[in-house]
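Enquirer: Sharing a structure, written as C-alpha cells. Questions coming.
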Amino acid sequence: MRITVVTIFPDMFKFITEFGIVKRAIDSGILDFEVVNLRDYTTDKHRTTDDYQYGGGPGMVMKIEPFYRLYDEIRQKGREPFVILPTPRGEIFNDKMAQELSKREDIVFFCGRYEGIDERITRIVDSEISIGDYVLSCGELAAMVIIDATLRFVPGVLGNEKSVESESITSGLIDHPVYTRPYEFRGMKVPDVLLSGDHEKVEMYRLKESLKLTILKRPDLFMKKELGEKEKRALIQLVKELMKDAG
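This is the structure we're talking about:
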C-alpha cells in the first residue's frame with residue numbers, strides 16, 4: 109500500500125511515522141509512506157500556498173495551483189491514486205469506510221488549512237471525508253485518524269487478524285469491560301467469572317456485557333446490528349438476568 113500526504117507542515121507527521129501502527133507498517137514493508145511539502149510545488153520566491161478569497165470574507169484560502177502541479181506529476185508517473193480531502197462537509201468516517209480504504213493500493217491526502225482549499229480542487233478529489241461534526245484547525249489531524257484506522261485492516265499490519273475482528277465497533281458491538289491485577293481495589297472486585305477458568309462462561313459473560321453496553325451507550329449501533337445465533341442466546345440470557353434482578 110502507498111499513502112502520500114500533501115501538507116504545508118510535513119513535520120506534523122514525524123510522530124506517527126516514528127511510533128505506533130504507521131511505523132510498524134513501514135518497517136514491515138507493507139506501507140510506502142510519503143509526506144510531500146506543498147510549498148515545493150509553488151513558483152514564487154515566497155512559496156505562497158494561500159491567498160485572499162474572492163468576494164471578501166475572513167480567513168485565507170489555499171491556492172489551487174500547487175495541488176494541481178503535484179497531482180499532474182503523480183499522474184505523469186503512471187500512478188492512479190485515490191485522492192481524499194479531509195473536510196467537515198465530507199461523509200462521516202466510520203469502520204466500514206476504513207475497511208474499504210484498506211483495499212486501496214494508492215491513496216493521496218490533500219490537507220487543507222485556514223478557510224479550506226479553492227473549490228476547484230474537487231475536480232481531482234475522489235472522496236471528501238469528515239471525522240466528525242466539528243471543525244479542526246487543519247486537515248492533517250483528520251488525515252492521521254483516517255490513516256491509523258485504515259491501516260488496522262491492512263493484512264499483516266497488526267499481525268493477528270482476529271484482534272481486528274473482535275475489536276469494538278468492528279464487530280458491531282461496543283467492547284466488553286476489561287480488568288487486570290489487583291483482583292480487588294478499594295472495594296471494587298474483578299467479576300469472579302473471569303477467574304473461573306471456564307472459557308465458555310467467560311465468552312458468554314463478555315458477550316452479554318458487550319450487548320448491554322451497546323444498548324445503553326450506543327443504541328444506534330445496536331439497531332443496525334444483525335445478531336448471530338450466539339448473540340441472540342446471550343441477549344435472551346441478559347434479559348432474563350435483568351428481569352430476575354428487578355424482582
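According to the numbering used here, the stretch in the sequence shown is residues 109 to 355, in order.
Ideal Cβ positions, reconstructed from N, Cα and C, are used throughout, including at glycine.
Fair warning: this is a prediction, and the values are worked out from it, not measured in the lab.
(1) Short check: CB of Ser210 to CB of Val262, under 9 Å?
(2) Note down, in chain order, each residue of its chain lying with its Cβ closer than 7 Å to the Cβ of Ala250, except the 5 sequence neighbours on either side.
(3) Near Ser304, which residues of its chain fall below 8 Å by C-beta distance, leaving aside the five closest residues on each side in sequence?
(4) Using 8 Å as the cut-off, can you tell me whether the segment 230-239 makes contact with the segment 279-288, which would need three or more C-beta pairs spanning the two stretches below that distance?
(5) Would you list the one or two residues that DSSP bridges to Lys297?
(6) Just the Cα atoms here: how many angstroms apart are Val143 and Thr125?
(7) Identify whether Leu139 lies in helix, strand or coil by the three-state DSSP scheme.
(8) So the beta strand (DSSP E) Asp159 belongs to, where does it begin and stop?
(9) For Glu223, which of helix, strand or coil comes out of DSSP?
(10) In whole angstroms, what is the alpha-carbon distance linking Leu319 and Glu334?
(11) Looking at Asp226: is its Cβ nearer than 9 Å to the Cβ of Lys171?
(12) Would you mind giving the Cβ-Cβ distance between Ile182 and Leu139, rounded to the nearest angstrom? I have them listed as a contact below 8 Å.
(13) State the Cα-Cα distance for the pair Lys338 and Ile344, rounded to the nearest angstrom.
(14) Looking at the strands, I want to know which residues DSSP matches up with Ser279.
(15) Give me the Cβ distance between Phe218 and Phe175, rounded to the nearest whole Å; I'm assuming they're in contact under 8 Å.
(16) Is Gly198 helix, strand or coil by DSSP?
Expert: Per the coordinate set shown:
(1) On the sequence shown, residue 210 is found 102 positions in, with the first residue counted as 1. On the sequence shown, residue 262 is found 154 positions in, with the first residue counted as 1. In this structure, Val262 lies closer than 9 Å to Ser210 by Cβ.
(2) By 1-based counting over the sequence shown, the position of residue 250 is 142. Apart from the 5 residues on each side of it in sequence, Ala250 sits with its Cβ closer than 7 Å to the Cβ of Pro194, Ile239 and Leu244 in its chain, given in chain order.
(3) Locating residue 304 in the sequence shown gives position 196, where the first residue counts as 1. Excluding its 5 nearest sequence neighbours in each direction, Ser304 has C-beta neighbours in its own chain below 8 Å: Val310, listed in chain order.
(4) no
(5) For the purposes of this step, residue 297 is taken as residue 189 along the sequence shown, with counting starting at 1. Glu292.
(6) Locating residue 143 in the sequence shown gives position 35, counting from the first residue. Locating residue 125 in the sequence shown gives position 17, counting from the first residue. C-alpha separation (whole angstroms): 10 Å.
(7) Along the sequence shown, one-based indexing puts residue 139 at 31. In the structure shown, Leu139 sits in coil (DSSP, three-state: anything other than H, G, I, E or B).
(8) Locating residue 159 in the sequence shown gives position 51, where the first residue counts as 1. Counting along the chain, the beta strand (DSSP E) containing Asp159 begins and ends at Asp158 to Tyr160.
(9) As a first step, residue 223 is located in the sequence shown; it is residue number 115 there, counting from the start. Here Glu223 sits in coil by DSSP.
(10) Locating residue 319 in the sequence shown gives position 211, counting from the first residue. Locating residue 334 in the sequence shown gives position 226, counting from the first residue. Cα-Cα distance, rounded: 12 Å.
(11) Against the sequence shown, residue 226 aligns to sequence position 118. Against the sequence shown, residue 171 aligns to sequence position 63. Yes; because the gap between Cβ atoms is below 9 Å, this pair is in contact.
(12) Residue 182 sits at position 74 when you count from the first residue of the sequence shown. Residue 139 sits at position 31 when you count from the first residue of the sequence shown. With 8 Å as the limit, Ile182 and Leu139 do not qualify as a contact, their Cβ atoms being about 17 Å apart.
(13) Counted from its first residue, the sequence shown places residue 338 at position 230. Counted from its first residue, the sequence shown places residue 344 at position 236. Distance between the alpha carbons of Lys338 and Ile344 is about 10 Å.
(14) Position 171 of the sequence shown, counted from the start, is the residue given in the question as residue 279. In DSSP, Ser279 forms no bridge with anything.
(15) Residue 218 sits at position 110 when you count from the first residue of the sequence shown. Residue 175 sits at position 67 when you count from the first residue of the sequence shown. 6 Å between Cβ atoms; contact.
(16) Translated into the one-based positions of the sequence shown, residue 198 becomes position 90. DSSP places Gly198 in strand when its eight states are reduced to three.
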